[in-house]
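The next block holds one structure in the form of structure tokens; read it before the comments.
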Amino acid sequence: MFEAHINVEYCNSVKSIKYICKYVNKGSDMAVFRLENENGALDEIMQYLMGRYASTNEGVWHILSFPIHKRYPPVVHLSVHLENGQRVYFIADNAEERAANPPNTTLTAFFLLCQILLHTVRGPTSFTDLKTVDGEVCETYREACQRRGLLENDQHWDTTLAEACQTCFPSQLRTLFAIIITSCAPSNPQSLWEKYKESLSEDILREQRRTNPEVNFCAEIFNQALILLKDKCMSISSGTLSELGLRGPSHIGAELVQSEVLRERNYNTEELGRFVQDNEPLLVLDQRLAYEAIMDMIRSGNGGLFFLNAPGGTGKTFLINLLLAEIRKQN
1355 MFEAHINVEY CNSVKSIKYI CKYVNKGSDM AVFRLENENG ALDEIMQYLM GRYASTNEGV
1415 WHILSFPIHK RYPPVVHLSV HLENGQRVYF IADNAEERAA NPPNTTLTAF FLLCQILLHT
1475 VRGPTSFTDL KTVDGEVCET YREACQRRGL LENDQHWDTT LAEACQTCFP SQLRTLFAII
1535 ITSCAPSNPQ SLWEKYKESL SEDILREQRR TNPEVNFCAE IFNQALILLK DKCMSISSGT
1595 LSELGLRGPS HIGAELVQSE VLRERNYNTE ELGRFVQDNE PLLVLDQRLA YEAIMDMIRS
1655 GNGGLFFLNA PGGTGKTFLI NLLLAEIRKQ N
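In case it helps, my numbering puts the sequence shown at residues 1355 to 1685.
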């Protein structure tokens, strides 16, 4: 298929690498043997030279200056490390000297080269220079990359949130926002929050207007949305908002705008009482056994785990609604 002679080697030791380096230059086959002392040292260099035979084919190839090898792309990988973060190898005798004057890496040597050729070649000359943009030293490398336009902007996530605002509820928007900042690494999460915080907080405002129709968006409502957003982020990635690039919420007074808690507690107990009174007599035997068993565990404070297993249409939802009404009217 390839119209070529192909060797496949499993590199399980350094001998395989040595063989590959020898094989591509070995030329014609050659056999060498001689008698040696069993305890004699192995001369690997001479063994390599004797294993290579320069044939007429190779001679003509060199004379005509044909390419011997090809490398693509023709670049050299620089080592990547932070300032004073390169590997330094030392022994007991030179530990202090190596620590004070570590040898150059390909990265630090590149900086030195740029310094030498500064009059013709523009390039970074130090770690500080990497963070300098328009004469101003940025606090982080990320900020410098942003100012140089090297990072992706947040237009994609901006468009995603703008489209979601047209069709999604605020709780769904918060889930989407949490997924974006935990999994998609936007460059400026705080800017996205500032732009869409009202859409992310609409349900909290609506809940507050039930008791105070004059209330508008305020810092307390946005703070409550941040608390709910923080909980979603913690459930996804266990990361805090500050770690994800957002200012964290304040928990002082947050209980005053707990819309989820208010909704769960804002029941008409009289209406629930009438519901229980009208529907409890309708329970069949199996439903009543389950109802009494669950209510006994609740009244005793022991709690428990129950599973209602029955065919569809036999009254499971009816029983659950009756249990919830009985519990809620007591609170």
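Beta carbons are placed, not taken as given, at the ideal position from N, Cα and C, and that holds for glycine.
With 16 as the cutoff for other CB atoms within 10 Å, does Gln1641 come out buried or exposed? Here residue 1641 refers to the residue found at position 287 when the sequence shown is read from its first residue. Buried, by the Cβ-count rule.
Go through its chain and collect everything with a Cβ distance to Ser1613's Cβ below 8 Å, but skip five positions before and after it. For the purposes of this step, residue 1613 is taken as residue 259 along the sequence shown, with counting starting at 1. With a pLDDT of 48 at Ser1613, under the threshold of 50, the predicted position of this residue should be treated as unreliable, though the coordinate-derived value follows. The answer, listed in chain order, is Asp1557, Ile1558, Glu1561, Gln1562 and Gln1578.
Output the residue ranges of the alpha helix (DSSP H) runs that lie fully inside the stretch 1485–1517 and measure 4 residues or longer, sorted by chain position. With a minimum length of 4 residues, the continuous alpha helix (DSSP H) runs that stay inside the stretch 1485–1517 are 1495–1502.
Where Leu1637 and Ser1545 are concerned, what is the direct C-alpha to C-alpha distance, given to the nearest angstrom? As a position in the sequence shown, residue 1637 is number 283, starting the count at 1. As a position in the sequence shown, residue 1545 is number 191, starting the count at 1. Whole-angstrom Cα-Cα distance: 56 Å.
On the DSSP letters alone, give me the boundaries of the alpha helix (DSSP H) that Thr1410 sits inside. For the purposes of this step, residue 1410 is taken as the residue at position 56 of the sequence shown. Counting along the chain, the alpha helix (DSSP H) containing Thr1410 begins and ends at Thr1410 to Ile1417.
Starting from Ala1395, trace the alpha helix (DSSP H) both ways and give me its first and last residue. Against the sequence shown, residue 1395 aligns to sequence position 41. From DSSP, Ala1395 is part of no alpha helix (DSSP H); its letter is neither H nor E.
So the candidates are Phe1523, Ile1533 and Arg1564; which of them puts its Cα closest to the Cα of Glu1552? Here residue 1552 is taken as the residue at index 198 of the sequence shown, counted from 1. For Glu1552, the nearest C-alpha among the options comes from Phe1523.
Measuring straight from C-alpha to C-alpha, what distance separates Gln1520 and Gln1526? Along the sequence shown, read from residue 1 onward, the residue named residue 1520 stands at position 166. Along the sequence shown, read from residue 1 onward, the residue named residue 1526 stands at position 172. Using only the alpha carbons, I get a separation of about 12 Å.
For Glu1646, does the three-state DSSP call read helix, strand or coil? Taking the sequence shown and counting its residues from 1, the one referred to as residue 1646 is at position 292. The answer is helix: DSSP assigns Glu1646 an H, G or I state.
Quick check: what's the CA-CA separation for Ile1417 versus Ser1433? As a position in the sequence shown, residue 1417 is number 63, starting the count at 1. As a position in the sequence shown, residue 1433 is number 79, starting the count at 1. Between the alpha carbons of Ile1417 and Ser1433 lies a distance of about 37 Å.
As assigned by DSSP and simplified to three states, the class of Pro1428: As a working mapping, residue 1428 is identified with position 74 in the sequence shown. In the structure shown, the three-state DSSP call for Pro1428 is coil.
Compute the Euclidean distance between the alpha carbons of Asn1663 and Arg1601, then round it to the nearest angstrom. Working through the sequence shown from its first residue, we reach residue 1663 at position 309. Working through the sequence shown from its first residue, we reach residue 1601 at position 247. Asn1663 and Arg1601 have their C-alpha atoms some 46 Å from each other.
Can you find the residues in the same chain that come closer than 7 Å, C-beta to C-beta, to Arg1501, ignoring five residues on each side of it along the sequence? Sequence index remark: in the sequence shown, residue 1501 carries index 147 (1-based). Closer than 7 Å at Cβ, skipping near neighbours: Val1487 and Cys1492.
Taking a contact to mean a Cβ-Cβ separation below 8 Å, would you say Leu1598 touches Leu1580 in this structure? Reading the sequence shown from its first residue, position 244 is the one you call residue 1598. Reading the sequence shown from its first residue, position 226 is the one you call residue 1580. Against a cut-off of 8 Å, the Cβ pair of Leu1580 and Leu1598 comes out as no contact.
Answer with buried or exposed for Asp1508, where buried requires no fewer than 16 other C-beta atoms within 10 angstroms of its C-beta. The residue labelled residue 1508 in the question sits at position 154 within the sequence shown. Classification of Asp1508: buried, given that the 10 Å Cβ count is 16 or more.
Are the stretch 1623–1633 and the stretch 1657–1671 touching, with three or more C-beta to C-beta distances below 8 Å? no
Own chain partners of Ser1541 with C-beta closer than 7 Å, once the 5 adjacent residues on each side are dropped: Here residue 1541 is taken as the residue at index 187 of the sequence shown, counted from 1. Setting aside the 5 residues that flank it on each side, Ser1541 is surrounded in the same chain by Gln1500, Leu1505, Glu1506, Asn1507 and Asp1508, each with a C-beta closer than 7 Å to its C-beta; the list follows chain order.
CB contact flag (Leu1530, Ala1516, <8 Å): As a first step, residue 1530 is located in the sequence shown; it is residue number 176 there, counting from the start. As a first step, residue 1516 is located in the sequence shown; it is residue number 162 there, counting from the start. No, they are not a contact pair.
Ignore the nearest five residues each way along the sequence and tell me which others in Tyr1550's own chain have a CB closer than 6 Å to its CB. Stepping through the sequence shown from its first residue, residue 1550 is reached at position 196. Its chain contains Leu1515 as the residues whose beta carbon lies nearer than 6 Å to that of Tyr1550, once the 5 sequence neighbours on both sides are disregarded; these appear in chain order.
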